[in-house]
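Residue numbers (the working numbering): 30 to 225.
Backbone N, C-alpha and C define an ideal beta-carbon position, used for all residues, glycine too.
All remarks here apply to the structure that follows.
Printed below as a string of structure tokens:
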């Protein structure tokens with residue numbers, strides 16, 4: 030059971046995040062100041078900085094829980110083999126948790142703003158690293174092999190490609206549908222060329 034203090038903390042973080050996304054959509058990420066976000070959320074700038082060390086952190090504040098959720102779904106997949114196709118289920122389940130309007134707005138912002146590219150890449154690399162470590166652990170080794178790293182990288186590329194093509198104006202195609210389509214692309218399933 031969460032305490033009153035924890036509920037207040039979560040409510041403040043949500044209010045800040047909601048106000049920030051609205052302002053970013055209206056006037057752009059770079060043109061929006063922390064002071065404006067604080068005012069829109071009915072808080073002081075000091076309170077915003079107490080919850081988020083930087084403006085960028087407002088968008089990536091759930092980095093730890095997001096990475097943990099991705100790994101959780103991969104670890105609990107039905108197909109226990111170590112391969113790209115085996116990860117489709119776990120990555121798809123992770124995507125299913127992200128199909129709300131807020132996540133779509135955040136995705137559009139991150140995918141179209143050059144000043145957020147470095148942080149977005151850091152998040153992507155973290156997903157890849159954590160999945161590679163999960164696959165290594167499943168095979169009883171401490172350090173991911175090249176194969177573990179490559180499989181994790183391809184799986185996250187499928188997820189990232191789906192995010193880039195996700196359009197909430199087309200309700201017939203969900204983010205999960207796009208993740209599935211990405212994993213089913215023929216180029217991922219071509220047989221290896223014969224050895225000469």
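By Cβ distance, which residues of its chain are closer than 7 Å to residue 123, with the 5 residues on each side in sequence left out?
The residues are 98, 99 and 102.
Given this structure, state the Cα-to-Cα distance separating residue 210 from residue 69, to the nearest angstrom.
C-alpha separation (whole angstroms): 39 Å.
Per the contact definition of three or more C-beta pairs closer than 8 Å, is the stretch 44-55 in contact with the stretch 70-80?
Flag = yes, the stretch 70-80 and the stretch 44-55 touch.
What residue range is occupied by the uninterrupted alpha helix (DSSP H) comprising residue 48?
33-56 is the extent of the alpha helix (DSSP H) around residue 48.
Taking all protein chains shown into account, do 16 or more other C-beta atoms lie within 10 angstroms of the C-beta of residue 173, making it buried, or fewer, making it exposed?
Result: buried.
Quick one: grab the DSSP three-state call for residue 173.
Of the three classes helix, strand and coil, the one that applies to residue 173 here is coil, per DSSP.
Grab the span of the alpha helix (DSSP H) containing residue 81 for me, first residue to last.
Segment: none, residue 81 is in no alpha helix (DSSP H) and carries neither H nor E.
Taking contact to mean at least 3 C-beta pairs separated by less than 8 Å, is the stretch 153-170 in contact with the stretch 132-145?
As far as the Cβ criterion goes, the stretch 153-170 does not touch the stretch 132-145, which means the pair count is below three.
For residue 102, is the beta carbon positioned less than 7 Å from some heavy atom of the ligand FMN?
This structure simply doesn't include the ligand FMN, nor any ligand for that matter.
What is the rounded straight-line gap between the Cα of residue 127 and the Cα of residue 188?
One C-alpha to the other measures close to 12 Å.
Just to confirm my understanding: we take residue 203, look at its own chain, exclude 5 residues before and 5 after, and list those with CB closer than 7 Å. What are they?
Within the same chain, residue 203 has close Cβ partners 128.
Tell me which residue opens and which closes the alpha helix (DSSP H) that residue 64 is part of.
Here the alpha helix (DSSP H) through residue 64 covers 63-70.
Is residue 194 buried or exposed, if buried means 16 or more other CB atoms sit within 10 Å of its CB?
Exposed, by the Cβ-count rule.
Spell out a yes or no on whether the stretch 111-122 and the stretch 174-187 are touching, meaning 3 or more CB-CB pairs, one atom from each, closer than 8 Å.
With the cut-off at 8 Å, the stretch 111-122 and the stretch 174-187 touch.
Quick one, which of 82, 108 and 35 has its alpha-carbon nearest residue 167's?
Answer by Cα proximity: 108.
Which residue comes first and which comes last in the alpha helix (DSSP H) that contains residue 143?
Element bounds for residue 143: n/a, residue is neither H nor E.
Looking only at its chain, what residues have a beta carbon closer than 8 Å to the beta carbon of residue 196, apart from the 5 residues adjacent to it on each side?
202, listed in sequence order.
Determine the closest residue to residue 58 out of 89, 171, 144 and 31, with distance taken between C-alpha atoms.
Nearest of 89, 171, 144 and 31 to residue 58, Cα basis: 144.
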